[in-house]
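Using the working numbering, the first residue of the sequence shown is number 785, and each one after it goes up by one.
The beta-carbon is built from N, C-alpha and C at its ideal position, and this holds for glycine as well.
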Amino acid sequence: MSFTGFPTAALDFYDDLEMDNTKTFWNEHKHVYEESVKAPMAALLAELEAEFGAAKLFRPYRDVRFAKDKTPYKTHQGAFIDLGPSTGWYVQLSAPGVRVGAGFYEASADRLARIRAAIDDDRRGKELEKLLGKLQKAGWTLGGEKLKTSPRGWDADHPRIELLRHKSMTLGKSYGFEPIIHTPDLADQIRHDWRATRPFLDWLTTNG
Numbered sequence: 785m786s787f788t789g790f791p792t793a794a795l796d797f798y799d800d801l802e803m804d805n806t807k808t809f810w811n812e813h814k815h816v817y818e819e820s821v822k823a824p825m826a827a828l829l830a831e832l833e834a835e836f837g838a839a840k841l842f843r844p845y846r847d848v849r850f851a852k853d854k855t856p857y858k859t860h861q862g863a864f865i866d867l868g869p870s871t872g873w874y875v876q877l878s879a880p881g882v883r884v885g886a887g888f889y890e891a892s893a894d895r896l897a898r899i900r901a902a903i904d905d906d907r908r909g910k911e912l913e914k915l916l917g918k919l920q921k922a923g924w925t926l927g928g929e930k931l932k933t934s935p936r937g938w939d940a941d942h943p944r945i946e947l948l949r950h951k952s953m954t955l956g957k958s959y960g961f962e963p964i965i966h967t968p969d970l971a972d973q974i975r976h977d978w979r980a981t982r983p984f985l986d987w988l989t990t991n992g
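Here is the structure:
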């Protein structure tokens, strides 16, 4: 099927799931998930695959084995396109609407050390600052897990200390309830926004 947008029923499904996250609700509304969430998400990813690569569509079930929260179902549908180790593009549908992202969500100690060394380097570090500044001006929000203090080996007055504190680094943008999420034009909007983040992801894969 071709992508025609996410129906309102998809947002309503997650709104209701947040209120009643039970197996009973899921079984009674699984057809809504299949038809209004999973199918259009798969169609969206298929339209983007030629340029960005194949995506992993995440399962709707939560891993509750070691979690205090035992609710069985995720209250969002996410998908990830892997460009490098734990690095790539992300799209998510949930009750608050549609979000997209790009970046790396975790790194080994060796990889994180390489990324921090690149941030520390004047040329490469300033290049990253410039990339992030441009994207933030375009509406992206910089996020990711950060240390509360300076990483070992770097002074608190380092000119890029805030970037050095990152253990993961992501950029996110929300379309929320904008009318475009219900139309085929959403695919082109995501394509445009993901393209804009490619230099950032290239920096991460080159320097990490």
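Whole-angstrom distance between residue j and residue i, CA atom to CA atom
i      : j      : result
HIS993 : LEU955 : Since the first and last residues shown for the chain are 785 and 992, residue 993 lies out of range.
GLY927 : ASP986 : 18 Å
ALA922 : ASP853 : 36 Å
ALA827 : GLN973 : 15 Å
ALA893 : ALA901 : 12 Å
PRO937 : GLY909 : Per the sequence shown, residue 937 should be read as Gly rather than Pro. One C-alpha to the other measures close to 16 Å.
ILE945 : GLU913 : 11 Å
PHE993 : ALA897 : Residue coverage of the chain in this structure runs from 785 to 992, which leaves residue 993 outside it and unanswerable.
ASP939 : GLU929 : 19 Å
SER786 : ALA830 : 8 Å
ARG895 : PRO943 : 21 Å
PRO869 : ALA851 : 26 Å
ARG979 : ASP804 : 38 Å
PHE809 : ASP941 : 53 Å
ARG907 : GLN920 : 20 Å
GLU911 : THR788 : 38 Å
TYR889 : LYS807 : 30 Å
ARG975 : GLU835 : 9 Å
Residue closest to residue i, alpha-carbon to alpha-carbon, out of the options
i      : options                        : result
THR933 : ASP969, PRO844, LYS921, LEU947 : LEU947
LEU795 : PRO869, THR808, LYS807, TYR817 : TYR817
GLY992 : SER786, ILE899, LYS957         : ILE899
ASP866 : SER892, ARG846, GLY837, PRO844 : GLY837
ASP904 : TRP924, PRO935, THR925         : PRO935
ASP977 : LYS918, SER820, PRO791, TYR889 : LYS918
THR792 : THR981, GLY960, ALA980         : GLY960
ALA891 : GLU802, MET953, ARG982         : MET953
TYR874 : GLU833, ARG907, ALA851         : GLU833
PHE797 : GLU819, HIS942, ALA830         : GLU819
ASP800 : SER878, ALA851, THR788         : SER878
GLY887 : THR788, ASP906, LEU916         : LEU916
Heavy atom of the ligand ZN within 7 Å of residue i beta-carbon
i      : result
LEU801 : This structure lacks the ligand ZN; in fact it carries no ligand of any kind.
Within 8 Å, strictly: CB atoms of residue i and residue j
i      : j      : result
THR989 : THR871 : yes
VAL821 : GLN861 : yes
PRO856 : ARG849 : no
ALA949 : LEU931 : According to the sequence as given, residue 949 is Arg; it is not Ala. In this structure, LEU931 lies closer than 8 Å to ARG949 by Cβ.
GLU802 : THR859 : yes
PRO844 : PHE790 : no
LYS951 : TRP924 : no
(request) Quick one: which unbroken alpha helix (DSSP H) runs of 4-plus residues sit fully inside the stretch 929 to 974? Chain order, please. (result) 945 to 948
(message) Counting beta carbon pairs with one atom in the stretch 825 to 845 and one in the stretch 853 to 865, are three or more of them shorter than 8 Å?
(response) yes
(message) Does the structure place the stretch 958 to 970 close enough to the stretch 880 to 894 that three or more beta carbon pairs sit under 8 Å?
(response) yes
(request) Run through the stretch 789 to 876 for me and flag every whole alpha helix (DSSP H) of 4 or more residues, listed as ranges in chain order. (result) 792 to 803, 807 to 816, 823 to 836
(message) Quick check for students: name the residue ranges of the beta strand (DSSP E) that lie wholly in the stretch 889 to 917, counting only runs of 3 or more.
(response) none
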